[in-house]
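Residue numbers (the numbering used here), protein chains in the order written: chain A, -1 to 276; chain B, 3 to 348; chain C, 22 to 312. Each remark here refers to the structure printed beneath this line.
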């Protein structure tokens, strides 16, 4: 093939790839732009501090959902982080067939559609407890966050050189203290990033909460009672016909996306800052 | 890291525990979207008056019944009463307390927002997918002065388990044999055509956006969204517009003691044919239902308030308040709600 | 020594706990579906009717709805996802622009599903509606095509990040040898990189397929919620995930609830198989310790 044709083909290909790549990220800008444009006018002190109004009434805020989201996420963190880190350590320390099987299981857990987690939360927590609650929502989100924490712990620990462990043993430190006080802290940045990535993901999850948190027009601090959450609110209000509720949903979306973006930035920056280099 | 978690857990517990011991009773309910604007208003006023928080989630009548069955809520709300077969599913006896009556209206999206006249035959044909265009001669013949567009009809129905659907399909089953055989009555149906939307709000919202759409919603949803609705030919041959008056006329019928009665296809001369009661469902024995004594007392107080003081908010939201006959029956039902063998209401 | 033993036991217990979780999840799904399995049998898989009134339940409308939306969204997203992967891993390798491109793609995956649904409802749906009006068909706006379009945007980051990693694994000697022989970048991509990374890219596509299959919120909000078998891509429909989201809290009859859980069971099994195959291929391609 003559070289001119070759070069033309090469450049054409590059051009096409560039266009496609550019087009792929434009929806991101569209979405962000429209969320900011529609949502920013709803944001005010009242929006954050007040309770919602009834259907068709204007004004009102989303205090109940903000607090509800915080409570549910805190519960999810409390449940998933200790268990996740332990399991992650286990996967890194033990190399038997059960550990291999467990890795597959963790992947299965991660791939579970979120609606199924909702069903499980209903069957395991809501029904026996005879009620919807922040706790069931927190458990549902913990189920979603677990595989992320496990995987990031395992992968972070894998990168830590064996020599660190051996040095610790040589100094007479017990196995337990080696893991907890030497290895884990040096993997802190990776594990912390994994946890924050998990938090960013579950903050926006709605499906697991559909059958567990239930919703609540009032602020509720009792984890054994129903609670509202920002993604739930967006879902309910988005599908309603009321302009006033749409405005609130845009404002809530703005808060949610802003929160997730900020978390993402923290992860990127902190990941670099706290990283222990070998 | 672990220290942080421990700290978080302890803070959470220390903050939440004392608040909960001093917290007043909260009631949880779920169900119909049909009366949601009224209940939402009632509960917000009740909170201001008594400090009792009532958490009501409008997830559809089916949801109200299912969650009451599972005992995950204190009360359920439904515009579809539970039939004898369904009552057997419940672990204990359930009572129906009527709260108000409302109209299921046919609303649509045609330019000019005309008020149309429809017959039961037309409605069932449209929802069966047999009449496909707005300028169909049968519709034109009934509405000669309306400029009906050459637009395809988009049917909108409920995607969730709905009491509004029950009232609507109950009516259609009475007036159309074909509907009764093909689809039947129920809260969740095997719709032959159309789009589904969640809740009365969802249906209203979707109709507003789709040109040529038609669907069924409770009257207040059409009014508050400034959507037109149809006058329907009733049993007596009159075209009746849905209103508080025409619903009241339909509700003025023989009422059984347990108040489980359908108001559709009324034989009241000027009654609106697609009317229905909406009920709050609770277990007759609240102790068996798993409520505490304190909660049971508050629940019964709430119900009593709703059929008395609460009724004043109905008409401004275009619901028909309970007639004296209906109220008397409702009072009897509430008085018979017990906690074990103790009566709750003095 | 003793505290080490306690510590080790805790570690093992946490591993066992995770394994138990999956077993219990599977068990719960089976137990919940038992009534439906007994009543519907194999007809459940081929049944076209979802009728809570007569209590006849069939999975087919939702299976078809899910397949149509996932396959369509996959087909739409592949050229875009691969382009990003190729662009950033080859042309922009190690450059700042490449990093930004990767970052933006990751952000796409960070936007919550419910927000995709909300945005889709207010900006995409009217556009599709106008398209349908100009084509002379029912102006639903919502339906399979809308859900597929939104879904395709959502899964681009998954395919592209795996493709990117796989492309990075192609031995640089092979690539440099190609250039040394006078190949253009296009040639190198077409004849060296893609063939080598083929199976890895396929695995990435498979995993995205699994993701699209189980996606709930965005789909529920724009798919039209119709329980009939979709006729074409403009039809409203329901997916296995969206029918559960719509009807679960409200299924008053036990048979209805059990059938919904059976839908969940099938959803679990199908996504498990898809993900398992995808993960196995990736493991073969990038064995432990490699990167």
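A virtual CB, placed ideally from N, CA and C, is assigned to each residue, including glycine.
Check                                                                                                                      : Outcome
Near-chain C residues of the stretch 152 to 186 of chain A (beta-carbon distance less than 9 Å), N- to C-terminal order    : 156, 172, 173, 174, 175, 177 and 178
Beta-carbon neighbours of residue 48 (chain B), restricted to chain E and to distances below 7 Å                           : The chain labelled as chain E is not found among the protein chains of the depicted structure, namely A, B and C.
Beta-carbon spacing of residue 273 (chain B), residue 245 (chain C) below 8 Å                                              : no
Ranges of the alpha helix (DSSP H) found wholly within the stretch 185 to 240 of chain B, counting only runs of at least 4 : 201 to 211 and 221 to 226
Proximal residues of chain C, C-beta to C-beta of residue 68 (chain B) below 8 Å                                           : 270, 271, 272, 273 and 278
Neighbourhood of residue 83 (chain B) by C-beta, 7 Å cutoff - its chain only, sequence neighbours within 5 removed         : 98, 262 and 281
Alpha-carbon to alpha-carbon, residue 190 (chain B) and residue 161 (chain B)                                              : 8 Å
Interface positions of the stretch 114 to 141 of chain A facing chain B (Cβ-Cβ less than 7 Å), listed along the chain      : 124, 125, 128, 129 and 130
Residue-chain proximity (residue 216 (chain C), chain B), Cβ-Cβ < 8 Å                                                      : no
Close Cβ partners of residue 83 (chain A) (< 7 Å) along its chain, the five nearest in sequence each way excluded          : 147, 151 and 189
Reduced DSSP secondary structure (H/G/I, E/B, other) of residue 108 (chain B)                                              : strand
Residue range of the unbroken beta strand (DSSP E) whose run includes residue 59 (chain B)                                 : 55 to 59
For residue 43 (chain A), the nearest candidate out of A:253, A:270, A:108 and A:133 (CA to CA)                            : A:253
Beta-carbon gap between residue 107 (chain A) and residue 43 (chain C) smaller than 8 Å                                    : yes
Test item: CB-CB of residue 22 (chain A) and residue 177 (chain C) under 8 Å                                               : yes
Delimiting residues of the alpha helix (DSSP H) encompassing residue 38 (chain B)                                          : 38 to 52
Nearest to residue 64 (chain A) (by Cα), restricted to the options A:137, A:270, A:257 and A:199                           : A:257
Any chain B beta carbon closer than 8 Å to residue 253 (chain C)                                                           : no
Residues in the stretch 213 to 240 of chain A having any Cβ partner in chain C nearer than 8 Å                             : 229, 232, 233, 236 and 237
Residue 101 (chain B) - DSSP class collapsed to helix/strand/coil                                                          : strand
Beta-carbon neighbours of residue 243 (chain C), restricted to chain B and to distances below 8 Å                          : Those do not exist, as residue 243 (chain C) stays about 11 Å from chain B at its closest Cβ, beyond 8 Å.
Neighbour-count burial assignment, residue 93 (chain B), 16 or more Cβ in a 10 Å radius                                    : exposed
Buried versus exposed, by CB contacts within 10 Å (16 or more), residue 39 (chain B)                                       : buried
CA nearest to the CA of residue 263 (chain A), picked from C:124, C:215 and C:50                                           : C:124
Where the alpha helix (DSSP H) containing residue 201 (chain C) begins and where it ends                                   : 193 to 201
Nearest-angstrom Cα separation, counted from residue 224 (chain A) out to residue 271 (chain B)                            : 46 Å
Neighbour flag for residue 53 (chain A) against chain B, beta carbons, 8 Å                                                 : yes
Rounded separation between residue 104 (chain A) and residue 103 (chain C) - CA only                                       : 27 Å
Candidates A:61, A:41, A:170 and A:75, of which the one nearest residue 10 (chain B) by Cα                                 : A:75
Alpha-carbon spacing of residue 109 (chain A) relative to residue 67 (chain A), whole angstroms                            : 23 Å
Sub-8 Å separation of residue 262 (chain C) and residue 165 (chain C) beta-carbons                                         : no
Backbone secondary structure at residue 85 (chain B) - three-state DSSP                                                    : coil
Separation of residue 75 (chain C) from residue 68 (chain C), as counted between CA atoms                                  : 13 Å
Proximity to residue 36 (chain C) [Cα-Cα], best of A:69, A:198 and A:97                                                    : A:97
Cutoff 6 Å; reference residue 288 (chain C); Cβ partners in own chain excluding five residues on either side               : 261
Residues bridged to residue 80 (chain B) [DSSP beta-bridge criterion]                                                      : B:281
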